[in-house]
Amino acid sequence: MKFADLPNEYSNLQNSEIVILPVPYDGTSTWQKGADRGPEALIEASANMELYDIETDSQVYLKGIHTAQPVDVDMSPEKMVESVEKSVRHFLNKDKFVVLVGGEHSVSTGSVRAHLEKYKEFSVLQLDAHSDLRDEYEGTKYNHACVMARIAETCPIVQVGIRSTDISEKEALSKSNVFYAENIHNSNDWVKEVTSLLSDKVYITIDLDVFDPSIMPSTGTPEPGGLLWYNVLMLLKAVFDDKKVLGFDVVELCPNPNNKGPDFLAAKLIYKLLSYKYLSI
Ligand SMILES: [Mn+2]
Numbered sequence: 001m002k003f004a005d006l007p008n009e010y011s012n013l014q015n016s017e018i019v020i021l022p023v024p025y026d027g028t029s030t031w032q033k034g035a036d037r038g039p040e041a042l043i044e045a046s047a048n049m050e051l052y053d054i055e056t057d058s059q060v061y062l063k064g065i066h067t068a069q070p071v072d073v074d075m076s077p078e079k080m081v082e083s084v085e086k087s088v089r090h091f092l093n094k095d096k097f098v099v100l101v102g103g104e105h106s107v108s109t110g111s112v113r114a115h116l117e118k119y120k121e122f123s124v125l126q127l128d129a130h131s132d133l134r135d136e137y138e139g140t141k142y143n144h145a146c147v148m149a150r151i152a153e154t155c156p157i158v159q160v161g162i163r164s165t166d167i168s169e170k171e172a173l174s175k176s177n178v179f180y181a182e183n184i185h186n187s188n189d190w191v192k193e194v195t196s197l198l199s200d201k202v203y204i205t206i207d208l209d210v211f212d213p214s215i216m217p218s219t220g221t222p223e224p225g226g227l228l229w230y231n232v233l234m235l236l237k238a239v240f241d242d243k244k245v246l247g248f249d250v251v252e253l254c255p256n257p258n259n260k261g262p263d264f265l266a267a268k269l270i271y272k273l274l275s276y277k278y279l280s281i
């Protein structure tokens, strides 16, 4: 299966500026299992998208979107991170724009590492219900609950949509770089504040549980009080307008076969962000 079910002309590796990299990993999630089926469900849903984007008046698939073979992740969390890093590096070396599709959130660490190797420095914008700053969880430093602790060791982070954290993470939460969901749901000022904290180059990691469970119930750990579609797009449009976005990932889709709407939301989110990235085509 290929993202957006594109014909070969717009999806073979050579012609494509963009690579969709599925990472079907669910080794460390703690509540509802099934994020390993996320990439397949997202790609299946993407076949039903219209390829013209009204807002940007563009058809980003003309840049070519290649769907890569899923990363081999049948291994320990530590080895999985290395496996992801190697795959992402492979495509960055071919000058592709890489979009990771998870899988649970621990997959992002390998992608950030590969991007750091190529781009040296950038900030990471995290959209998520959870702060994910535990130093270690259930015996590994690469649990999905630790992903931002690992990433924050290598680059500055800005966290948006947070509404669930453990007391042990409180110290690691930097007051100036965290935008709690309760403080932004009713205001527009936060978008400017977020972009002002980011460096010129940005990597974006989107845990789908940043969205409200009313529109995105298909996550391993849904949390009430999340952001809605246009809140998230308002922020991301501003980031793509102001910054050089180097890559992004969309993680934690835990599909429900009886409700495909969330799978479609996730697919459309990716296409939307690519439309922002390549505004003029
Ligand atoms: Mn989360």
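According to this note's numbering, the sequence shown holds residues 1 to 281 in order. Heads up, the beta-carbon is just placed ideally off N, CA and C, and yes, glycines get one too.
Exposed or buried, residue i, counting other C-beta atoms within 10 Å across all chains shown (16 or more means buried)?
i: Thr109; result: buried
i: Gly139; result: exposed
i: Tyr230; result: exposed
i: Glu171; result: exposed
i: Glu182; result: exposed
i: Ile184; result: buried
i: Leu246; result: buried
i: Pro39; result: buried
i: Glu223; result: buried
i: Glu252; result: buried
i: Met1; result: exposed
i: Ser176; result: exposed
i: Ser46; result: buried
i: Gly27; result: buried
i: Tyr52; result: exposed
i: Ser282; result: Outside the shown range of the chain (1 to 281) lies residue 282, about which nothing can therefore be said.
i: Thr221; result: buried
i: His226; result: The question names His, yet the displayed sequence has Gly at residue 226. The residue is buried, with at least 16 neighbouring Cβ atoms inside 10 Å.
i: Asn15; result: exposed
i: Gly29; result: Before going further, note that residue 29 is Ser rather than Gly in the sequence given. Ser29 comes out buried.
i: Asn8; result: exposed
Since I believe residue j is in contact with residue i (beta carbons under 8 Å), could you give me their beta-carbon distance rounded to a whole number of angstroms?
i: Ile18; j: Lys63; result: 6 Å
i: Val84; j: Val147; result: With 8 Å as the limit, Val84 and Val147 do not qualify as a contact, their Cβ atoms being about 12 Å apart.
i: Gly161; j: Leu127; result: 5 Å
i: Leu100; j: Asp249; result: 4 Å
i: Ala35; j: Gly102; result: 6 Å
i: His90; j: Asn12; result: With 8 Å as the limit, His90 and Asn12 do not qualify as a contact, their Cβ atoms being about 16 Å apart.
Item checked: Length-filtered (3 minimum) beta strand (DSSP E) runs lying within the stretch 207-264 -> Uninterrupted beta strand (DSSP E) stretches at least 3 residues long and entirely within the stretch 207-264 occur at 244-251, given in chain order.
Margin query: Using a strict less-than 5 Å threshold between each residue's beta carbon and the heavy atoms of ligand 1, what residues do you get?
Written below: Asp128, Ala129, His130, Asp207 and Asp209
Check: Quick check: the stretch 119-139 against the stretch 156-165, are there 3 or more CB pairs under 8 Å?
Finding: Yes, the stretch 119-139 touches the stretch 156-165.
Item checked: Any 3 or more C-beta pairs closer than 8 Å across the stretch 190-197 and the stretch 109-118 -> no
Next item on the list: Give, in chain order, every unbroken run of the alpha helix (DSSP H) that is at least 4 residues long and sits entirely within the stretch 13-49.
Entry: 38-46
Next item on the list: Only counting runs of 3 or more residues, tell me where the beta strand (DSSP E) segments fall wholly within the stretch 111-142, in order along the chain.
Entry: 123-127
Next item on the list: Answer yes if the stretch 259-279 comes into contact with the stretch 233-240, meaning at least three C-beta pairs across the two stretches below 8 Å, and no otherwise.
Entry: yes
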